[in-house]
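Just so we're aligned, residue 2 is where the sequence shown starts under the working numbering, counting upward by one.
By construction, the Cβ of each residue, glycine as well, lies at the ideal position given by its N, Cα and C atoms.
Heads up, the thing below is written out as structure tokens.
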Amino acid sequence: MDANLRLEHECADAWPALIDRPLGEWRMRASDGFTGRANSTLAAGDPGMPVEDALDEAVRFAVDHGITPSAQVVMGTETEEEIEKVDWVVNIEHAAGAEVSVLTGRLDGLTWPPVSGVSVDPTPSAQWWQLAAGTAEPTRAQRQVLGTGRSIGFGSAWRDGQVVAVVRGALVGDLLHIASLSVMPEYRRQGIAAGLLGSLAEWAVERGATRCAAQVAVHNTPALQLWSVLGCAEHHRYRYWKPAPRESFSGL
2 MDANLRLEHE CADAWPALID RPLGEWRMRA SDGFTGRANS TLAAGDPGMP VEDALDEAVR
62 FAVDHGITPS AQVVMGTETE EEIEKVDWVV NIEHAAGAEV SVLTGRLDGL TWPPVSGVSV
122 DPTPSAQWWQ LAAGTAEPTR AQRQVLGTGR SIGFGSAWRD GQVVAVVRGA LVGDLLHIAS
182 LSVMPEYRRQ GIAAGLLGSL AEWAVERGAT RCAAQVAVHN TPALQLWSVL GCAEHHRYRY
242 WKPAPRESFS GL
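This is how it looks when you write it as structure tokens:
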């Protein structure tokens with residue numbers, strides 16, 4: 002398995018779905034519809050059968066778990082070429098964006114500005130949930146995907162007695178997977194996000210991490226600019242695919 006596919010599996014480990022069923026080296030995931038990654042088949046590696054048959058298995062799995070059939074596929078791979086040959090298309094209507102950039106960097110080579118009023122905690126507060134998930138009472142899928150993992154840090158930045166920015170970090174080996182970065186609109190462009198990420202990076206380095214990764218939709222220009230300024234670069238991209246809609250014909 003090449004470096005791109007290995008990194009995808011590490012990111013999947015850091016983003017644990019409610020159900021994660023192996024299909025050879027593929028992973029069929031379902032989480033009550035919460036996030037595209039946790040509700041798609043990660044088509045990374047050898048599924049142990051022809052790709053078309055594996056996609057049929059992915060569709061059955063999705064239907065059985067009440068989610069829309071979807072495949073997360075690294076761009077430029079043989080798997081993507083095979084999927085293009087069957088009756089699947091890029092899901093340009095994907096809610097979070099059909100195409101995603103996976104950004105990486107060495108933690109000792111990134112530039113993090115100092116910031117005060119931040120913490121990285123082992124459990125998320127109600128205010129953390131509110132900003133990260135839009136609710137202080139998360140669903141079971143939100144608790145599973147965001148709240149579980151081998152080693153997780155929940156970063157919060159405080160201003161005026163309230164949490165104004167949050168981030169989630171999950172350790173997988175020496176990788177820090179960074180996600181759920183959110184800043185209240187009135188506190189953006191003040192360096193809070195970068196400072197919060199710096200505190201999360203320090204937390205991770207203390208626990209043996211040497212590198213980081215983040216998955217960002219290519220249309221999210223502000224986030225891509227932030228990661229570039231901090232010193233991260235694109236490692237690869239992936240896209241979400243779905244079964245092509247079937248044409249219907251009316252009889253005469």
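When the Cα of residue i is compared with those of the options, which residue comes out closest?
i	options	result
A55	H66, V119, W89, R189	W89
Q226	A97, A194, R208, S32	A194
R240	L177, V75, I153, V87	V75
G118	D14, L198, W16	L198
G110	V230, H237, P246	V230
A171	L6, A15, R7	A15
E81	A96, T105, D47	D47
L176	V184, R30, T105, L24	T105
P123	L108, W228, S152	S152
V184	R61, R28, V165	V165
V206	V121, M29, E83	V121
P186	A72, P223, W204	P223
W113	G148, R141, R247, W228	W228
Q131	L182, V60, H95	L182
I20	V60, H66, R61	H66
Decide if residue i is buried, meaning its Cβ has at least 16 other Cβ atoms within 10 Å, or exposed.
i	result
G252	Unreliable placement is indicated for G252, whose pLDDT of 42 sits below 50; the coordinate value is still reported in the next sentence. Under this definition G252 is an exposed residue.
P244	buried
S41	buried
V167	buried
R212	buried
E9	buried
V173	buried
A158	buried
C233	buried
P51	exposed
Q143	buried
F250	For F250, the predicted model reports a pLDDT of 40, less than 50, meaning its position is unreliable and no value from the coordinates is stated.
Q163	exposed
P139	buried
P125	buried
I93	exposed
A4	exposed
R7	exposed
A18	buried
R28	buried
A39	buried
H95	buried
A137	exposed
Rounding to the nearest angstrom, what Cα-Cα distance links residue i and residue j in this structure?
i	j	result
E85	C12	24 Å
G135	M2	37 Å
E79	D161	52 Å
P70	D33	13 Å
A127	V64	33 Å
G49	G150	28 Å
G77	R169	29 Å
A202	I68	34 Å
A180	Q145	14 Å
F155	R189	19 Å
G192	H237	27 Å
L43	H178	17 Å
A31	L108	31 Å
R22	P246	26 Å
E235	H220	14 Å
W242	F35	17 Å
V60	S200	41 Å
For the putative contact between residue i and residue j, defined by C-beta atoms under 8 Å, what is the C-beta separation to the nearest angstrom?
i	j	result
E58	A45	Incorrect: roughly 15 Å between the Cβ atoms, too far for contact.
E53	V91	About 17 Å separates the two Cβ atoms, so there is no contact after all.
A97	G37	5 Å
V116	G196	2 Å
**Message:** Contact between the segment 100-110 and the segment 211-220 is defined here as three or more beta-carbon pairs at a separation below 8 Å; is this criterion met?
**Reply:** yes
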